[in-house]
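A.B. asks: Same order as they appear, the protein sequences are chains L and C.
The opening position of the first sequence corresponds to residue -6 in our numbering, with each subsequent residue numbered one higher.
The opening position of the second sequence corresponds to residue -6 in our numbering, with each subsequent residue numbered one higher.
In this text, a Cβ means the ideal position worked out from N, Cα and C, and glycines have one as well.
Below is the structure I would like to discuss, written out as structure tokens.
Protein chains: 2
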Amino acid sequence: MTDLRPDNRHRLVTATAGLFLRRGYHGTGLKEITETSRAPVGSLYHHFPGGKEELAAESLRVAADGYEGVVAAVIDSAPDVASGIRVSFAAAAEVLRLSDYADACPIATVALEVASTNERLRLVTGAIFEGWTEMLATRLRSAGLDAVPAREIALTYLAALEGGFLLCRAAKSTEAMDAVGRFVADRVDAALAEADSR
Amino acid sequence: MTDLRPDNRHRLVTATAGLFLRRGYHGTGLKEITETSRAPVGSLYHHFPGGKEELAAESLRVAADGYEGVVAAVIDSAPDVASGIRVSFAAAAEVLRLSDYADACPIATVALEVASTNERLRLVTGAIFEGWTEMLATRLRSAGLDAVPAREIALTYLAALEGGFLLCRAAKSTEAMDAVGRFVADRVDAALAEADSR
DNA sequence: GTCTATAGCTTGATAGAC
DNA sequence: GTCTATCAAGCTATAGAC
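The following block contains the structure:
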């Protein structure tokens, strides 16, 4: 997990993303960031003149790109979208269990923290969720759904996954993720069956 | 919104709950809490010897009880559970819009912040979500569902609502809540229809 | 029980040598 | 670009008068 690259800027970004995942925005101090990335404070302010906020914006975007890539790969490696979605929920539950319920969405905690207090970061998180939704909607359209139901199901998938992460972390149990996974995958099956029958 | 009771302890709790809603746990300082509740620091530590953590635990429980009461009242005032659930999603979207996307779940932000960093508060948030799930499952059982599907749908309802809050706040749009509301309510309709036909 | 003052530490940010 | 020293302001918590 530790970044060994001799590149302060890169290590600052990955360390920040990792700390946000478990501690959130206000729970992560610059001291902790510079310590775990082994970069001096001056280096942080050289690469990110906007300070913590600017570093946070870039870290969120990088973490989001990585997460989107992983989810897309999981879905695309399945024989069809519906089973890909089913597998992605199972994988989310498995990662939660293996990480003692720490590794969940790299954006959600910060998104809630900044939603009403930091407009710049709120826009960053909004754009990330919009990008994820579009990634999913694209795959559902490729499977035969019209644009409107594809977007609706994509939003429902994402909301269910995020709500599942929240309930599972609070309970230290994967029961909620298992329940929402079944629900969403069944819905996708039904929507695709209906589209095929036309 | 401001509490006018001449009771320091009570005002501390309600002020804390209100601040957590918009700023989260680490984003809320004791200074802000004592200022908005017009209670001195000494009074805080007299009533809550455990400091911020103990005050937070009680504030979360009080806010959760209030929220559960409102949701239960909304659902119970509808002619049946399915339409009650439909109305509750519409009400959540309406409150979001009216509050400029600030008034959402009073627990979620803190729950994510503490999930991997504060075991005592994590247990408090876990118990709250469990209580809400049971409140919903009870109503679904009363409507005719068996215990297992009732619990599954209750968990899905809650996860969808929480995920909807997250996406709506980040986007400053109710699109996600509208989408998940339709999906969950339709699913409840289907489950109840199947139970009735037996 | 109420309240003020303040300790002790950490925070985000800056200045300036190298 | 890198790094250290340091700042002012914030934090949580405590002491002790009333």
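My understanding is that L/Phe176 touches C/Arg175, with C-beta atoms under 8 angstroms, so please give their C-beta distance in whole angstroms.
C.D. replies: Contact doesn't hold; Cβ gap of about 13 angstroms is too wide.
A.B. asks: Does the distance from the C-beta atom of C/Gly22 to that of C/Val103 stay below 8 angstroms?
C.D. replies: Contact: no.
A.B. asks: Report yes or no: do the stretch 157 to 173 of chain C and the stretch 100 to 114 of chain L share at least 3 C-beta pairs separated by less than 8 angstroms?
C.D. replies: Yes: at least three Cβ pairs fall under 8 angstroms.
A.B. asks: How is C/Thr110 classed by DSSP in three states: helix, strand or coil?
C.D. replies: Residue state, collapsed to three classes: coil.
A.B. asks: Are any of the Cβ atoms in chain L nearer than 8 angstroms to that of C/Phe82?
C.D. replies: C/Phe82 does not count as touching chain L.
A.B. asks: Is it buried or exposed, L/Ala153, if we count other Cβ atoms within 10 angstroms and call 16 or more buried?
C.D. replies: So L/Ala153 counts as buried.
A.B. asks: So the candidates are L/Pro42, L/Leu89, L/Leu37, L/Glu46; which of them puts its Cα closest to the Cα of L/Asp171?
C.D. replies: The shortest Cα separation from L/Asp171 among L/Pro42, L/Leu89, L/Leu37, L/Glu46 belongs to L/Leu89.
A.B. asks: Can you name, in chain order, every residue of its own chain whose Cβ lies under 7 angstroms from the Cβ of C/Val67, other than the five neighbours on each side?
C.D. replies: So the qualifying residues of the chain are Gly77, Val80, Ser81, Ala84.
A.B. asks: Relative to chain L, which residues along the stretch -2 to 32 of chain C have a C-beta separation below 7 angstroms, given in chain order?
C.D. replies: Against chain L - using a Cβ distance shorter than 7 angstroms - the residues of the stretch -2 to 32 of chain C are Arg15, Arg16, Gly17, His19, Gly20.
A.B. asks: With a threshold of 8 angstroms between beta-carbons, can C/Gly44 be considered close to chain L, or not?
C.D. replies: Not an interface residue.
A.B. asks: List in chain order: all unbroken alpha helix (DSSP H) runs of 4+ residues lying wholly within the stretch 70 to 96 of chain L.
C.D. replies: The stretch 70 to 96 of chain L contains these whole alpha helix (DSSP H) runs: 74 to 91.
A.B. asks: Residues of chain L with a CB under 7 angstroms from the CB of C/Thr102: which are they?
C.D. replies: Going along chain L in sequence order, the residues near C/Thr102 (Cβ under 7 angstroms) are Leu105, Glu106.
A.B. asks: If you run the structure through DSSP and keep just helix, strand and coil, what is L/Ile26?
C.D. replies: Helix.
A.B. asks: Kindly give me the distance between the Cβ atoms of C/Thr7 and C/Ala49, rounded to whole angstroms, as I take these residues to be in contact under 8 angstroms.
C.D. replies: C/Thr7 to C/Ala49, Cβ: 13 angstroms. No contact.
A.B. asks: What's the gap between the Cα of L/Leu114 and the Cα of L/Glu46?
C.D. replies: Cα to Cα, the separation comes out at about 7 angstroms.
A.B. asks: So that I know if they touch, is there some Cβ in chain L lying closer than 8 angstroms to that of C/Tyr94?
C.D. replies: At least one chain L Cβ lies under 8 angstroms of C/Tyr94.
A.B. asks: I'd like to know whether the C-beta atoms of C/Leu12 and C/Ala32 end up nearer to each other than 8 angstroms.
C.D. replies: No, these two residues do not count as a Cβ contact at 8 angstroms.
A.B. asks: Please list the terminal residues of the continuous alpha helix (DSSP H) segment that includes C/Gly157.
C.D. replies: Note, C/Gly157: alpha helix (DSSP H), 140 to 164.
A.B. asks: Please say whether C/Gly156 and L/Gly156 have beta carbons closer to each other than 8 angstroms?
C.D. replies: In this structure, C/Gly156 lies closer than 8 angstroms to L/Gly156 by Cβ.
A.B. asks: Would DSSP call C/Arg191 helix, strand or coil?
C.D. replies: Here C/Arg191 sits in coil by DSSP.
A.B. asks: Using three-state DSSP, classify L/Ile100 as helix, strand or coil.
C.D. replies: L/Ile100: coil per DSSP, three-state reduction.
A.B. asks: Give a yes or no on whether the C-beta atoms belonging to C/Gly137 and C/Ala188 are separated by under 8 angstroms.
C.D. replies: Contact flag set, yes.
A.B. asks: Let me confirm a value: C/Gly20 is counted as buried when at least 16 other C-beta atoms fall within 10 Å, else exposed. Which label applies?
C.D. replies: So C/Gly20 counts as buried.
A.B. asks: By Cβ distance below 7 angstroms, which residues in the same chain neighbour L/Met128 in space, the five residues on each side in sequence not counted?
C.D. replies: So the qualifying residues of the chain are Glu61, Ala65.
A.B. asks: What is the DSSP secondary structure of C/Tyr18, reduced to helix, strand or coil?
C.D. replies: Correct three-state label for C/Tyr18: coil.
A.B. asks: Comparing alpha-carbon positions, which option in C/Asp69, C/Arg132, C/Trp125 lies nearest C/Arg54?
C.D. replies: Among C/Asp69, C/Arg132, C/Trp125, the Cα nearest to that of C/Arg54 belongs to C/Trp125.
A.B. asks: Along the stretch 167 to 184 of chain L, where does the CB come closer than 9 angstroms to a CB of chain C? Name the residues.
C.D. replies: Residues Glu168, Ala169, Met170, Asp171, Ala172, Val173, Arg175, Phe176, Val177, Asp179, Arg180.
A.B. asks: Counting only beta-carbon separations shorter than 8 angstroms, does L/Gly156 have a partner in chain C?
C.D. replies: Answer yes: the Cβ-Cβ gap between L/Gly156 and chain C drops below 8 angstroms somewhere.
A.B. asks: Report the neighbours of L/Phe122 on chain C: residues whose CB is nearer than 9 angstroms to its CB, in chain order.
C.D. replies: Ordered by position in chain C, the residues that pass the 9 angstroms Cβ test against L/Phe122 are Leu159, Leu160, Ala163, Ala164, Ala169.
A.B. asks: If I follow the unbroken alpha helix (DSSP H) through L/Gly137, where does it start and stop?
C.D. replies: Counting along the chain, L/Gly137 falls outside any alpha helix (DSSP H), and DSSP gives it neither H nor E.
A.B. asks: Can you list, in chain order, the residues of the stretch 109 to 121 of chain C whose Cβ is nearer than 7 angstroms to any Cβ on chain L?
C.D. replies: Those residues of the stretch 109 to 121 of chain C that come within reach of chain L (Cβ to Cβ, closer than 7 angstroms) are Ser109, Thr110, Arg115, Thr118, Gly119.
A.B. asks: So which residues of chain L does C/Leu37 contact, with C-beta pairs closer than 8 angstroms?
C.D. replies: Those within 8 angstroms of C/Leu37 in chain L number zero; the least Cβ separation is about 20 angstroms.
A.B. asks: Helix, strand or coil for C/Gly43, going by three-state DSSP, please let me know.
C.D. replies: The answer is coil: DSSP assigns C/Gly43 none of H, G, I, E or B.
A.B. asks: Confirm, please, whether the CB-CB distance from C/Ser36 to C/Asn1 is below 8 angstroms.
C.D. replies: Closer than 8 angstroms, so yes.
A.B. asks: For C/Asp(-4), does the three-state DSSP call read helix, strand or coil?
C.D. replies: C/Asp(-4): coil per DSSP, three-state reduction.
A.B. asks: Taking 8 angstroms as the cut-off, decide whether the C-beta atoms of L/Arg15 and L/Ala95 are in contact.
C.D. replies: A contact, by the Cβ cut-off of 8 angstroms.
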